[in-house]
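**Student:** 6 is the number of the first residue of the sequence shown in the working numbering; add one for each residue after it.
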Amino acid sequence: MSRVAYVNGAYSAHGEAVVHIEDRGFQFADGVYEVWSVFDGRLADFEDHMTRLHRSLSEVKIDIPMSAAALGVVLRETIRRNRVRDGLVYLQVTRGTASRDHAFPADTAPSVIVTAKRLDLAKGQAMAAKGAAGVTRPDIRWGRCDIKTVGLLPNVLAKQAARERGAYECLMYDEMGLITEGSSTNAWIVDEDGRLRTRDTQANILRGVTREAILKLIAAEGIELDERPFSVEEAKRAREVFVTAASSFVMPLVSLDGVKIGDGKPGPIATRLREVYLDQARRDAI
Ligand code: PLP
């Protein structure tokens, strides 16, 4: 029997159903989902899943794409078209399709995807009768920011927080109040004593390629570096704050949470590093 999927208002063959490559679910994991179990073609715990869906959407500030009643119709129609008696129906709602930028796109409708599949309840019953095995692992959700994954929803929310406050970047801090990195950049300061500092990469941050390139340039420029975490307060008292990334090169931040950094103008070290980085990057690009 051929399966059918619902994607943004249309039902199509499961094997041909697609979302756009710029869908934010694909680009950023910028979406939420729900799963209902289906018994005799009917949805179990319908309201509770709907409540959690609405909560998830609200927490990540994605618009509710359609009323619960309308969504119920789509879920049931997908179940019907797939002739699912007992099984599961999956719903994904993403922030939609837009040109890639961490911050929320303007006027983009959420994407809605619904798929359904049959389950062999007898198999589950047999397993339950015997019992199943379990294993343990450290919970690393998500303590692996060293991996450049597309699981960027926290970064998206941080960047959006910056945009909503008229800022370029959001510097994130850990439970100790120490800055980890920017939402899509590595963070640096020239502290109040004039020391250039950036957090070491033992910590849970991305090892920025631009950061590495800057480290080499710093050595060549004879600038001393203190690879040590710094707090939000230290950053606010710093002479300079700047961020680095392939998309920003070296970008001075002249205020943090509205607090002026230094004299409120790009400082000499950030300005120099931007210049030498751009020179070298242009020259060595292959
Ligand atoms: N940190 C995060 C979380 C990033 O997403 C990025 C770049 O996208 C960076 C740091 C900087 O990395 P790179 O210099 O390799 O662009």
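For every residue, glycine included, the Cβ atom is placed at its ideal position computed from N, Cα and C.
So, is residue 44 buried or exposed, given that buried needs 16 or more other C-beta atoms within 10 angstroms?
**Tutor:** As a working mapping, residue 44 is identified with position 39 in the sequence shown. Residue 44 is exposed by the Cβ-count criterion.
**Student:** Does DSSP put residue 160 in a helix, a strand or coil?
**Tutor:** As a working mapping, residue 160 is identified with position 155 in the sequence shown. If DSSP states are grouped into helix, strand and coil, residue 160 belongs with the helices.
**Student:** So which residues put a beta carbon under 6 Å from any heavy atom of the ligand PLP, going in chain order?
**Tutor:** My final list is 160, 186, 189, 190, 191, 211, 213, 214, 215, 216, 249, 250, 251.
**Student:** Between which two residues does the beta strand (DSSP E) harbouring residue 247 extend?
**Tutor:** Along the sequence shown, read from residue 1 onward, the residue named residue 247 stands at position 242. Residue 247 -> beta strand (DSSP E) spans 245-250.
**Student:** Taking buried to mean at least 16 other C-beta atoms within 10 Å of its own C-beta, is residue 190 buried or exposed?
**Tutor:** What you label residue 190 is simply residue 185 of the sequence shown in a count that begins at 1. The residue in question, residue 190, is buried, as its Cβ has 16 or more Cβ neighbours within 10 Å.
**Student:** Should residue 258 and residue 223 be called a contact, given that it needs their Cβ atoms to be closer than 9 Å?
**Tutor:** Residue numbering aside, residue 258 sits at position 253 when the sequence shown is read from its first letter. Residue numbering aside, residue 223 sits at position 218 when the sequence shown is read from its first letter. No, the Cβ-Cβ distance between residue 258 and residue 223 is not below 9 Å.
**Student:** With a threshold of 8 Å on Cβ separation, who are the neighbours of residue 23 within its own chain once the five nearest residues in sequence on each side are excluded?
**Tutor:** Position 18 of the sequence shown, counted from the start, is the residue given in the question as residue 23. Counting only Cβ-Cβ distances below 8 Å, and skipping sequence neighbours, we find 12.
**Student:** Give the DSSP-derived three-state secondary structure of residue 114 in the structure shown.
**Tutor:** Reading the sequence shown from its first residue, position 109 is the one you call residue 114. If DSSP states are grouped into helix, strand and coil, residue 114 belongs with coil.
**Student:** Which of the three DSSP states is assigned to residue 15 in this structure?
**Tutor:** By 1-based counting over the sequence shown, the position of residue 15 is 10. In this structure, residue 15 counts as strand in the three-state DSSP scheme.
**Student:** Determine, using beta carbons only, whether residue 207 comes closer than 9 Å to chain D.
**Tutor:** This model lacks chain D altogether, as it is built from one protein chain only.
**Student:** For the beta strand (DSSP E) holding residue 73, just list the boundary residues, first then last.
**Tutor:** Locating residue 73 in the sequence shown gives position 68, where the first residue counts as 1. No beta strand (DSSP E) contains residue 73, which is instead part of the alpha helix (DSSP H) from 73-86.
**Student:** Which of the three DSSP states is assigned to residue 235 in this structure?
**Tutor:** The residue labelled residue 235 in the question sits at position 230 within the sequence shown. Coil.
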